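Accompanying notes for the structure given below.
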Amino acid sequence: MTAGVLDGRRVLVTGASSGIGEATVRACAAAGARVAGLARRTQRLRVLADEVGAAAVTADVTDAGSARAGVDEAAAALGGLDAVVNNAGALSVATVAEGDPEDWKRMLDVNVFGLLVITQAALPHLRSAGRGDVVNMSSMSGRRVPNAASGVYAATKHAVHAITEGLRRELHPDGIRVSVVAPGLVATDLAAGAPATAARDRLAGLQADIGLAPADVARQIVRILSEPPHVAVHEVALLPTDQG
Ligand code: NDP
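Residue -18 is where the sequence shown starts when you use our numbering, and the numbers rise one by one after that.
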């Protein structure tokens, strides 16, 4: 249905080795874009890239040098960049009393620092394209704190909304649109891969039972990118109907 709507666009997706990022690579490629997927797990990226004709870029968004090199590698592979989807994310579900400071740091590093450094590195490429899109992956936890074990994750996603708003003001003169996507539960390995707590187990169960498919979120990203240049989608929030 969306075939061709991204013809000619050059899209970098971070966190492309699984879940929503992998689905976004697939959806953008199916819509006609040239796509680069960035993450740390090279082998998974390569399998995906071979399957859909994308470029695979191994990089760690928490390392500024690695992130910058990854963005430049993606731009070289695609002949420039029109869009960046900042999707890479990390989760830990624990109260402050039971939380591990290393997990707080990891979430801040991936969800906030990584998004910033990838965006900064992408700006020269987007500017030289003359127009562009930055799409930032937040969460319903970017607007509210769902439970006592989600405060720190929610803080990182609230930061994504604030950074999105600042970037929108900063990049408006360049014709670069900045959007935020805020899903509820999505059936991915995000919670299952998080440090074990009782709240983590509940969340992983809910994601598996009623979560949206990653492709449901990817479809929104294709829609944002395929809007005509005079239409800027600021925010898309979507939940599984059963989440309530
Ligand atoms: P996944 O765990 O499947 O995907 C996370 C992705 O982030 C992986 O590709 C991982 O790749 C990448 N990543 C993690 N750390 C780094 C790093 N240091 N450098 C580069 N890439 C990294 O989970 P989801 O698909 O669910 O998560 C994607 C986004 O969606 C996240 O931002 C998450 O917060 C958000 N989200 C998820 C929801 C859900 O219910 N699942 C709900 C709302 C938002 P690798 O390990 O190979 O580096």
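Where is the CB? At the ideal position from N, CA and C, for every residue including glycine. As the structure is a computational prediction, the values presented were derived from the model and not from experiment.
Please list, in chain order, all residues of the same chain as residue i whose beta carbon is under 7 Å from its beta carbon, the five residues on each side excluded.
{"i": "Thr137", "result": "Met88, Leu89, Asn92 and Val93"}
{"i": "Ala71", "result": "Arg87, Met88, Val91 and Asn92"}
{"i": "Ala30", "result": "Gly18, Ala36 and Ala37"}
{"i": "Gly80", "result": "Ser73 and Val133"}
{"i": "Pro221", "result": "Gly165, Leu166, Ile191, Gly192 and Leu193"}
{"i": "Ala173", "result": "Ala185"}
Return the CA-CA distance between residue i and residue j, expressed in angstroms with no decimal places.
{"i": "Ala75", "j": "Ala110", "result": "42 Å"}
{"i": "Ala78", "j": "Asp182", "result": "18 Å"}
{"i": "Val214", "j": "Ile205", "result": "6 Å"}
{"i": "Ala135", "j": "Ala218", "result": "15 Å"}
{"i": "Gly(-15)", "j": "Ala10", "result": "9 Å"}
{"i": "Leu104", "j": "Val52", "result": "10 Å"}
{"i": "Leu152", "j": "Gly34", "result": "30 Å"}
{"i": "Ala179", "j": "Gly186", "result": "11 Å"}
{"i": "Gly95", "j": "Asn68", "result": "10 Å"}
{"i": "Ala12", "j": "Asp223", "result": "29 Å"}
{"i": "Thr5", "j": "Gln201", "result": "9 Å"}
{"i": "Glu216", "j": "Ser122", "result": "14 Å"}
{"i": "Ala102", "j": "Leu59", "result": "15 Å"}
{"i": "Thr100", "j": "Asn128", "result": "30 Å"}
{"i": "Thr(-17)", "j": "Arg49", "result": "31 Å"}
{"i": "Pro82", "j": "Ser131", "result": "14 Å"}
{"i": "Pro154", "j": "Glu54", "result": "26 Å"}
For residue i, name the three-state secondary structure that DSSP assigns.
{"i": "Thr(-5)", "result": "strand"}
{"i": "Arg27", "result": "helix"}
{"i": "Val52", "result": "helix"}
{"i": "Leu59", "result": "helix"}
{"i": "Glu241", "result": "This structure gives no information on residue 241, because the portion of the chain shown stretches from -18 to 225."}
{"i": "Asn67", "result": "strand"}
{"i": "Gly225", "result": "coil"}
{"i": "Glu3", "result": "helix"}
{"i": "Arg15", "result": "strand"}
{"i": "Thr100", "result": "helix"}
{"i": "Ala36", "result": "strand"}
{"i": "Ala20", "result": "strand"}
{"i": "Ala218", "result": "strand"}
{"i": "Arg(-13)", "result": "Before going on, a small fix: residue -13 reads as Leu here, not Arg. DSSP places Leu(-13) in coil when its eight states are reduced to three."}
{"i": "Leu193", "result": "strand"}
{"i": "His211", "result": "coil"}
{"i": "Gly186", "result": "helix"}
What do you reckon, is the C-beta of residue i under 7 Å from a heavy atom of the ligand FAD?
{"i": "Arg181", "result": "By its list of ligands, the structure shown excludes the ligand FAD, since it contains just the ligand NDP."}
Less than 8 Å between C-beta atoms, sequence neighbours within five positions excluded: which residues of the same chain meet that for residue i?
{"i": "Arg27", "result": "Ala37"}
For residue i, which residues of its own chain have a beta-carbon under 6 Å away from its beta-carbon, when the five flanking residues on both sides are left out?
{"i": "Arg7", "result": "Val33"}
(Q) Give the list of continuous alpha helix (DSSP H) stretches no shorter than 4 residues that lie fully inside the stretch 112 to 172. (A) 132 to 152
Q. How about the stretch 38 to 45 and the stretch 135 to 155: do they share at least three Cβ pairs that are nearer than 8 Å?
A. no
Q) When the Cβ atoms of the stretch 59 to 67 are set against those of the stretch 105 to 124, are three or more pairs found closer than 8 Å? A) yes
(Q) Within 8 Å, do at least three Cβ pairs link the stretch -6 to 3 to the stretch 12 to 23? (A) yes
Q. Does the stretch 157 to 170 come within contact of the stretch 115 to 135, defined as at least 3 CB pairs closer than 8 Å?
A. yes
Q) Is the stretch 164 to 174 touching the stretch 185 to 192 in the sense that three or more CB pairs, one from each, lie closer than 8 Å? A) yes
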